[in-house]
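First the structure, in the form of structure tokens, and then the observations on it.
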């Protein structure tokens, strides 16, 4: 099939530039609404609307600071209602309410619309560009580790997006995190906490900025994990289309068609760059393209909907990310009045929320865990026809390039 890569496609699936990988996929609208509620603007970043997301994040940081909303939340939850009423600035607070509700409603609507466009793009098999290079940057689709992105996102929000090559989102998250870390005095508080001076740590922290941290950090973890999972999916889709287009020759002799002095190797692979390197090396040792047959396996039923109203494309770890954020926030709030201080209680809340999320996920998303545990790694079948005297070098080459399994017919 002749595929063209154009930004002018009527229903594109993905756009890859040297600075960003942007895409459509079916998301759970309630998940997008949740992150918009936790940190206004974050839902738009999930939907790849970076300018709108950045604008709303600037609005959130400025109006929230002017209205002292985070401080009012803290005083309300620890029972200091008079302090909460005294600290809130109603001139700014009433402006905040309207935009806050609007962006929740709009994120829900946008997600529903983009899900429909994603389905159409899937039906049309919209082409995906796998590699893009400019004088300043290189961007490409490849298999990346989702938990590595999640780890760096937790340690420093923004790094997960740099790892996933989504530079605009990374820049926005980095700037927000740096501002919040500096203004909240959280780093001196961490130093004082681990020096055993928890009361001084609680006194030095600015709660107005500190309460942004749980939302920022767990949003980065969630976005990093899910973004990398989906770019891995795009890599598999693009590679499977390429292999199906170029390595399923009509004259190929299937193994049951025996020829004298010829044999077949049947091997299994997962979708990695090793697979294309394997094919290239096979051609270099004299195996013609007509003697190589690749069959990508479809491991997802086309008869099942990708998204349901409540779980959708949500990861089985998403409850842990959400509850980790909630209990980290609560731990930070009540840590101001408890003995060990906000830093320790934030970490306790994070761990408790993450474990609780895993337990709930095991209970309510059993089928996902069952599917995860029973799913076989084989994703591509590679069949090679070669002369018998080439068999040893072909077999060595397949194993060297990380074949999951190899068998041969003689």
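Residue numbers (our numbering): 129 to 538. By construction, the Cβ of each residue, glycine as well, lies at the ideal position given by its N, Cα and C atoms.
Mind reading off the beta-carbon distance from residue i to residue j? Whole number of angstroms is fine, and I expect it under 8 Å.
i	j	result
residue 300	residue 173	7 Å
residue 207	residue 288	37 Å between Cβ atoms; not a contact.
residue 380	residue 532	Going by Cβ atoms, the distance from residue 380 to residue 532 rounds to 22 Å, so no, they are not a contact pair.
residue 418	residue 493	About 46 Å; that fails the 8 Å criterion.
residue 403	residue 508	6 Å
residue 316	residue 303	About 21 Å; that fails the 8 Å criterion.
residue 457	residue 335	The pair is not a contact, with the Cβ atoms about 11 Å apart (cut-off 8 Å).
residue 165	residue 347	The pair is not a contact, with the Cβ atoms about 11 Å apart (cut-off 8 Å).
residue 461	residue 202	5 Å
residue 424	residue 371	6 Å
residue 311	residue 337	4 Å
residue 466	residue 473	6 Å
residue 525	residue 406	7 Å
residue 510	residue 395	5 Å
What three-state label does DSSP hand residue i in the structure shown?
i	result
residue 379	coil
residue 152	coil
residue 395	strand
residue 514	strand
residue 282	helix
residue 438	Because the pLDDT of residue 438 is 38, which lies under 50, any placement of that residue in the model is unreliable, and the number read from its coordinates should be weighed accordingly. Residue 438 falls in the coil class under three-state DSSP.
residue 294	strand
residue 482	helix
residue 402	helix
residue 462	helix
residue 157	helix
residue 366	helix
residue 217	coil
residue 175	coil
residue 181	helix
residue 456	helix
residue 339	coil
residue 468	coil
residue 275	helix
residue 323	coil
residue 548	Because the chain in this structure spans residues 129 to 538, residue 548 falls outside the shown range and cannot be described.
residue 167	coil
residue 207	coil
residue 450	helix
residue 130	Bear in mind that the predicted position of residue 130 carries a pLDDT of just 49, short of 50, making it too unreliable to give a figure here.
residue 445	coil
residue 360	helix
residue 199	helix
residue 491	helix
residue 418	helix
residue 374	helix
residue 331	helix
residue 249	helix
So what does residue i bridge to, in DSSP terms?
i	result
residue 423	509
residue 261	266
residue 536	393
residue 143	150
Closer than 8 Å by C-beta to residue i: which residues in its own chain qualify, once you throw out the five before and the five after it? Chain order, please.
i	result
residue 522	393, 410, 413, 415, 512, 514
residue 249	139, 140, 141, 152
residue 168	184, 185, 187, 188, 227, 228, 231
residue 530	397, 400, 402
residue 518	413, 414, 415
residue 488	447, 451
residue 275	353
Which same chain residues, not among the five before or five after residue i, have their C-beta less than 7 Å away from its C-beta?
i	result
residue 194	217, 220
residue 354	443
residue 137	254
residue 294	148, 149, 355
residue 313	332, 333, 334
residue 223	191
residue 264	146
residue 256	141, 142, 362, 365, 366
Contact criterion: CB-CB distance below 8 Å. Does residue i meet it with respect to chain D?
i	result
residue 197	The chain labelled as chain D is not found in the depicted structure, where only one protein chain is given.
Might you give, ordered along the chain, the residues of its own chain that have their beta carbon closer than 6 Å to the beta carbon of residue i, omitting 5 neighbours on each side?
i	result
residue 358	153
residue 239	155, 157, 160
residue 246	152, 153, 154
residue 235	160, 161, 164, 171
residue 478	452, 456
residue 298	286, 289, 290
residue 399	364, 367, 507
residue 528	none
residue 281	288, 348, 349, 352
residue 204	212
So is the beta-carbon of residue i under 7 Å away from any non-hydrogen atom of the ligand NAP?
i	result
residue 426	Here there are no bound small molecules, and the ligand NAP is not part of this structure.
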